[in-house]
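Chains as they are written, first to last, in UniProt numbering: chain L, 1 to 595; chain P, 1 to 595.
Notes follow once the structure below has been shown.
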């Protein structure tokens with residue numbers, strides 16, 4: 001039973017931390033120097049963020065728990081899906097607030113604002129209702145893909161309504177026999193006049209069917225009759241639920257997955273039965289079309305992990321300040337109360353402080369990457385665009401994996417610090433843990449992200465991405481005068497560089513060595529990036545003047561949390577370096593039978 | 001949608017591993033040298049284990065998933081609780097199989113078998129149906145408590161039916177305002193003739209109400225009118241649902257908790273409204289009564305973590321051998337298939353092998369502790385009894401925490417290695433993860449276990465427990481001839497000893513230093529114990545003769561898994577030692593406002 005005497009708040013958008021990062025640490029106002037983003041001033045950022053905070057806190061949060069309990073309902077007679085109570089209203093608010101087209105091209109009715117700003121809004125949405133956020137999230141992927149690869153005809157027919165939010169989009173990739181390995185796709189596309197007949201079954205289709213909007217635009221991977229084998233023979237098609245003349249297309253939902261979490265998000269089996277579709281981009285280049293929007297989509301999944309972790313931290317922190325239990329081992333802190341608040345106990349602090357150090361540090365890493373995502377598209381200087389693109393390419397799998405893995409650990413620590421209360425549905429934390437579990441799997445499992453890092457990103461462009469990365473993070477350290485933080489951050493960089501050097505030599509001889517080291521190496525990149533950004537944030541907290549105005553406690557906590565970050569993760573860096581070095585040997589030693 | 005083409009088995013009791021541990025590694029047959037356990041020969045162990053395996057696989061497993069979906073139903077009109085379909089039948093099987101009295105005293109109809117054997121049965125029960133296992137699990141605690149502290153009158157009235165399983169028992173400790181801090185208990189006991197009137201509300205009462213049996217025997221912590229303040233003023237009472245004359249006692253279920261997992265287990269709010277109760281043990285010594293059975297109860301919770309992890313491993317291993325996806329990076333392993341089984345990929349092996357190394361190592365640690373639990377009660381030699389008791393006292397919080405924390409991580413890795421499939425309810429793994437989450441919290445959160453280790457166990461008896469422990473684990477290493485394993489295990493021991501030495505000095509000056517180091521220190525004890533036992537198991541796998549007969553793959557996998565264990569956890573030992581050393585500084589630096 002919920003202890004109703006506790007006055008625990010559930011979520012307030014962490015605007016101070018966001019502003020401190022954007023304008024005091026990362027100088028995100030330089031985005032407005034790009035012609036495409038000249039409107040994206042500090043004032044505009046703040047105005048949008050304030051509105052997003054209200055929307056998330058007042059519209060999305062109130063329907064989150066109920067959506068989890070109720071889930072989505074499938075009607076096999078009409079193939080229709082009912083979303084949880086309150087979702088339709090929330091979606092109307094979302095649409096009317098213009099959130100759908102925030103970063104979409106003005107050519108199709110979008111506001112053309114920076115992707116970084118969209119990421120910040122995404123964080124708030126995911127903090128308050130991840131299941132809801134999945135519907136427009138997938139639409140956004142479809143918008144990006146069509147904007148980049150769709151014909152003028154398809155763009156003019158579909159983009160305006162997708163951008164306005166009147167329609168939504170889906171991504172239809174997975175089939176029962178193929179998830180990671182899309183080369184095994186069996187869905188067929190047979191030419192028929194100016195279009196194609198699409199036939200096959202897709203699974204894991206978020207929002208494949210739902211009652212939020214009138215029409216749903218599916219982007220479907222399928223194979224042409226003459227397609228080459230494997231992943232080089234996959235094409236992308238647009239398959240609307242309703243055709244232009246209002247006819248129902250033969251794309252039907254065949255059922256819903258029953259999942260551990262994100263129960264308010266309809267995860268559909270989609271049956272395409274000679275459904276009418278149109279080619280997007282060139283034949284057999286479907287995977288390439290998908291990959292152009294992969295970076296943004298993967299970073300967005302990282303924001304899900306971060307968003308959930310933020311809410312977990314806020315709830316558990318508030319609980320720890322309110323819940324009275326036992327005395328401090330150093331003597332009563334609140335002698336007038338029956339017991340002390342549990343935040344006095346070192347073990348509770350251990351859990352809270354790890355959350356804080358990871359969340360604020362991860363947010364810095366994500367925003368830094370998001371800033372480069374915008375610069376990579378919009379900066380006037382080609383060299384800067386390429387450098388920024390290097391950072392985005394390299395950091396995408398890192399942001400996706402680290403924020404989702406650590407987001408899960410953070411929610412887990414939030415739950416643990418609340419004891420039995422955390423395990424009940426009276427509190428929102430167990431839902432956060434269940435909802436966040438999927439983020440480590442979809443958009444490429446975190447193991448696949450690590451392989452993307454070592455197998456693709458570290459080898460592309462002759463290995464220049466790591467060089468750009470190292471030079472950029474060293475640049476971030478300029479102006480950090482605290483000698484302890486500087487030394488710590490540099491030691492992270494040194495261990496990373498050394499490990500990287502050793503691995504490159506081994507991996508050149510044996511690709512299994514790289515694959516065996518991928519996960520710990522990705523984590524080393526993440527811990528190093530966050531270390532540098534903690535040194536930077538701590539330094540900014542001591543700046544004589546700040547752009548924003550912050551409480552003394554906010555600023556001093558930055559320095560103390562940085563201290564804790566270094567204390568906690570420096571030993572892990574050494575341990576990870578050992579793990580990378582030990583390579584494939586014990587991993588590959590067992591035969592299949594020996595497992 | 002479940003991929004029905006996969007032929008994935010869900011659980012077979014790991015009898016080979018259990019036998020190898022018991023009779024080839026730990027020489028558990030020496031238990032039969034104790035007079036009380038003279039019947040507990042190897043043959044008897046094996047016969048009971050075979051029967052338990054059948055019961056778990058054939059009776060408990062089939063009703064596990066359904067129990068999770070259905071949960072328990074509370075009827076507010078009758079205050080009754082309906083358990084999931086199939087539980088009643090399963091309970092009848094449990095009772096008729098004599099499982100209820102396995103380790104209970106023959107004086108009351110029990111079989112008086114070793115506690116170690118009960119732990120093994122518990123593991124199988126928890127592997128196949130944790131929610132179900134909670135009902136008899138709590139009964140067992142009540143039986144132990146009554147056997148140790150009940151008056152002859154109470155024993156004769158209640159023990160026979162508890163031991164036979166005709167009735168069940170509960171433990172009523174927690175109240176809304178007190179979980180960890182039982183000193184805050186508000187439930188009152190007012191003397192009334194030969195009995196007491198008990199009034200108060202208890203929460204988190206497992207099986208407080210259910211439809212499996214005719215009568216429920218509550219053991220309730222409450223305060224006498226003249227009781228001293230705090231935890232020294234708590235007494236223990238027996239409060240039956242039905243009195244001897246058949247009258248309904250005024251102890252009613254007021255509702256059920258809605259939880260993340262163990263949904264088939266009825267977690268009740270219990271309202272005692274001048275319910276009739278009888279004192280157990282002496283007035284104001286209730287906590288002491290509870291604590292005498294705490295070791296067994298906490299070790300049992302550890303077995304829950306282990307049991308769930310075993311099932312997670314079996315399912316994910318089977319999945320990894322069946323699921324075809326992508327090619328090995330070193331070239332096709334199954335060129336005739338469309339893709340290779342995912343067990344060829346290093347990152348999948350990383351997850352599976354971690355599970356295997358932890359599960360088999362943890363099982364060894366638990367059985368080693370269980371063996372000492374029996375020797376501490378039944379060995380003829382008083383000195384051996386005390387040494388064994390030292391081991392049990394020290395290891396109890398370690399077994400409880402490490403097996404539940406690592407059991408959760410193992411299930412998490414099982415889920416992750418299965419990708420999207422793992423997140424759906426078509427597979428049992430997401431339920432294992434949800435069910436196992438509570439084991440890190442109840443019977444004392446894992447943070448409390450760590451404080452028990454550093455605050456109580458390491459300081460009691462003048463600090464002799466750690467000495468006994470070190471001498472015992474060094475003895476285990478005798479006969480280990482593999483120089484690499486021996487050196488590795490010894491290095492774990494050295495790091496632990498050194499860390500312990502440093503902490504004792506700091507903690508003597510400041511108790512916050514001990515409390516700040518508790519969790520990483522506990523983990524160092526666990527990793528060291530498991531390291532020693534892996535060296536031991538690997539050595540036994542190379543013995544010229546074995547007691548049981550094992551496949552070559554089983555024996556060679558022991559050596560290879562030991563190699564992997566050392567590779568993976570040696571660096572972490574060093575990192576943990578650093579964390580312990582860094583102490584309270586950054587943890588205690590933040591003010592409450594700075595969080």
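Even glycine gets a Cβ: it sits at the ideal position worked out from N, Cα and C.
Residue i by DSSP, collapsed to three states: which one?
i              : result
residue 238(L) : strand
residue 336(P) : coil
residue 412(P) : helix
residue 485(P) : helix
residue 265(L) : coil
residue 19(L)  : helix
residue 677(P) : Absent from the structure is residue 677(P), since the part of chain P shown begins at 1 and ends at 595.
residue 2(P)   : At residue 2(P) the pLDDT is 49, less than 50, meaning the model places this residue with poor confidence and gives no usable figure here.
residue 593(P) : coil
residue 270(L) : strand
residue 259(L) : strand
residue 302(P) : helix
residue 476(P) : helix
residue 275(L) : strand
residue 355(L) : helix
residue 162(L) : helix
residue 228(P) : coil
Since residue i meets chain L, which of its residues come closer than 8 Å, beta carbon to beta carbon?
i              : result
residue 258(P) : 424, 425 and 426
List the residues that DSSP assigns as beta-bridge partners of residue i.
i              : result
residue 216(L) : 168(L)
residue 175(L) : 178(L)
residue 141(L) : Looking at the DSSP assignment, residue 141(L) forms no beta bridge with any residue, so it has no partner.
residue 221(P) : 236(P)
residue 189(L) : 198(L)
residue 341(P) : 324(P)
residue 280(L) : 236(L)
residue 248(L) : 242(L)
residue 73(L)  : 82(L)
Show which residues of chain L have a CB atom less than 9 Å away from the CB atom of residue i.
i              : result
residue 602(P) : Here chain P covers residues 1 to 595 and nothing more, so residue 602(P) does not appear.
residue 511(P) : 329 and 330
residue 232(P) : Correct list: empty, because the minimum Cβ distance to chain L is about 14 Å.
residue 385(P) : Those within 9 Å of residue 385(P) in chain L number zero; the least Cβ separation is about 32 Å.
Name, please, each residue of chain L whose Cβ falls closer than 7 Å to the Cβ of residue i.
i              : result
residue 435(P) : Going along chain L, no residue has its Cβ under 7 Å from residue 435(P), so there is no contact; the nearest lies around 11 Å.
residue 578(P) : 571
residue 447(P) : 347
residue 519(P) : 347 and 350
residue 184(P) : 338 and 339
residue 582(P) : 567
The beta strand (DSSP E) with residue i in it runs from where to where?
i              : result
residue 197(P) : 195 to 206
residue 253(L) : 251 to 256
Residue range of the alpha helix (DSSP H) that residue i falls in?
i              : result
residue 537(P) : 511 to 541
residue 289(L) : 286 to 292
residue 64(L)  : 64 to 70
residue 552(P) : 552 to 582
residue 42(P)  : 42 to 55
Can you name the residues of chain P whose CB is closer than 9 Å to the CB of residue i?
i              : result
residue 396(L) : Here the premise fails: no neighbours, minimum Cβ distance about 18 Å.
| message | Ignoring anything shorter than 4 residues, give me the alpha helix (DSSP H) runs that lie fully in the region 358 to 429 of chain L, in order along the chain. | response | Every alpha helix (DSSP H) stretch that sits fully inside the region 358 to 429 of chain L and reaches 4 residues is listed by chain position as 382 to 417 and 420 to 423.
| query | What are the complete alpha helix (DSSP H) segments, minimum 4 residues, inside the region 75 to 115 of chain L? | reply | Fully enclosed alpha helix (DSSP H) runs of 4 or longer: 87 to 96.
| field | Whole runs of the alpha helix (DSSP H) within the region 440 to 469 of chain P, excluding any shorter than 4 residues | value | Listed in chain order, they are 446 to 451.
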